[in-house]
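Enquirer: Per the working numbering, residue 29 is the first one in the sequence shown, and the count goes up by one each step.
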Amino acid sequence: MSVKVKNFAVIQLPVKNLEASVKWYQELLGIPFTFPFTPGDNEAWLNVGGVGLGLIRSPEVPRLDFCDMNGQPQPILSLQVDEIHAVYAELKEKGVEVGEMVYKKGGGYSFMFRDLDGHLSSLWGGWPSAEEDQDK
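Right, dumping it as structure tokens:
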């Protein structure tokens, strides 16, 4: 038998203040719970398109990002959204630390952001249309 991974099941992020992180991910990114959460719990389980996003209370929260060979910061977690330009404007307006909106030919629009614990993630607007790609 050969092992064949089917999908991501869970991604876990360590957080300092679980209740604040739950509120941040739910209110700013609209991610729903997978399981009920009670304040005081040590973990909260959110659902991102069928993949569990575990926010885990941790006494030490390491910085979850790295730089590529060119020294450019890279996120560990990338999430897809609709209406990326509106999302970008809304997060900026709400004071979220966001990077520049970038367009990659054949790859579409994306931008990076940091959550309450400083984890670097990105939001991606989906595959570009043929018209968008030709205009860039």
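Just so you know, even glycine gets a beta-carbon here, dropped at the ideal spot from N, CA and C.
Just reading off the beta strand (DSSP E) that Val76 is part of, what are its end residues?
Expert: Where Val76 is concerned, the enclosing beta strand (DSSP E) stretches over Glu71 to Val76.
Enquirer: With a CB to CB cut of under 8 Å and the five nearest residues on each side skipped, what residues in its chain are close to Ile59?
Expert: Same-chain partners within the cutoff: Tyr53, Leu74, Asn75, Val76 and Leu81.
Enquirer: For Asp145, tell me which candidate among Gly127, Leu46 and Ala158 has the shortest Cα-Cα distance.
Expert: That would be Leu46, whose Cα lies nearest to the Cα of Asp145.
Enquirer: Using beta-carbon positions only, say whether Met129 and Phe141 come within less than 8 Å of one another.
Expert: Contact flag unset, no.
Enquirer: Can you give me the C-alpha to C-alpha distance between Val79 and Lys132, rounded to a whole angstrom?
Expert: Val79 and Lys132: Cα-Cα distance of roughly 26 Å.
Enquirer: Helix, strand or coil: which one does DSSP assign to Leu105?
Expert: Leu105: strand per DSSP, three-state reduction.
Enquirer: Do you know how far the Cα of Phe63 is from the Cα of Gly99?
Expert: If you take the alpha carbons of Gly99 and Phe63, they lie about 39 Å apart.
Enquirer: Return the chain-ordered list of same chain residues with a C-beta closer than 8 Å to the C-beta of Tyr116, the five sequence neighbours on each side being excluded.
Expert: For Tyr116, where only same-chain residues beyond five positions count, the Cβ hits under 8 Å are Val126, Met129, Phe139 and Leu151.
Enquirer: Can you tell me which residues form a DSSP beta bridge with Ser150?
Expert: Ser106 and Met140.
Enquirer: Between which two residues does the alpha helix (DSSP H) harbouring Leu46 extend?
Expert: Run containing Leu46: Leu46 to Leu57, per the alpha helix (DSSP H) assignment.
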